[in-house]
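Numbering (our numbering) for the sequence shown: 4 to 94. Beta carbons are placed, not taken as given, at the ideal position from N, Cα and C, and that holds for glycine.
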Amino acid sequence: MQILSLPRSSALDVKRSLVKHNPQYADRLSRQLARLSDASGPDDMNLPGWHLHPLKGNRAGSWAVSLSGNWRLTFRFDGTDAVAVNYEDYH
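Written as structure tokens, this is what we have:
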């Protein structure tokens, strides 16, 4: 997994951000990041309760899984690598 959109380019930055703002979801995010690290395409993230969905408009080509409320783990794939991974409220 490559992470391009984070300040220090690491999944740890995503988790730190979550722990700071929504610590109750840190375990779920950890599971999602671990799964994303092993994923070779979006379908690998299609687990019950995660609500995998493609983004539209200027975000076409990116995907999201639900974390809580409006918060999502967003990403896209470059070949079999997840890239541009982010934790965000894009609504």
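Does the distance from the C-beta atom of residue i to that of residue j stay below 8 Å?
i, j, result
"Ala63", "His56", "no"
In the DSSP assignment, find the alpha helix (DSSP H) that holds residue i and state where it starts and stops.
i, result
"Leu76", "Unbroken run through Leu76 is the beta strand (DSSP E), 74 to 81; no alpha helix (DSSP H)."
"Leu36", "29 to 41"
Considering only the alpha carbon of each residue, which of the options lies closest to residue i?
i, options, result
"Leu50", "Leu70, Lys59, Leu58", "Leu70"
"Ser65", "Tyr28, Gly82, Asp30", "Gly82"
"Val86", "Ser43, Gly60, Lys59", "Ser43"
"Asp84", "Pro26, Tyr93, Met48", "Met48"
"Asn89", "Lys59, Leu32, Asp41", "Leu32"
"Lys59", "Arg79, Ser40, Asp41, Asp46", "Arg79"
"Gln27", "His94, Gly72, Tyr93", "Gly72"
For residue i, which residues from the same chain have a beta carbon less than 8 Å from its beta carbon, with the 5 sequence-adjacent residues on both sides left out?
i, result
"Glu91", "Trp74, Arg75, Thr77"
"Gln35", "Met48, Trp53, Val68, Leu70, Leu76"
"Ser8", "At Ser8, the pLDDT of 46 sits below 50, so the modelled position is not reliable; the number obtained from the coordinates is stated separately. Ala87, Val88, Asn89."
From what residue to what residue does the beta strand (DSSP E) around residue i run?
i, result
"Ala87", "84 to 91"
"Ala67", "65 to 71"
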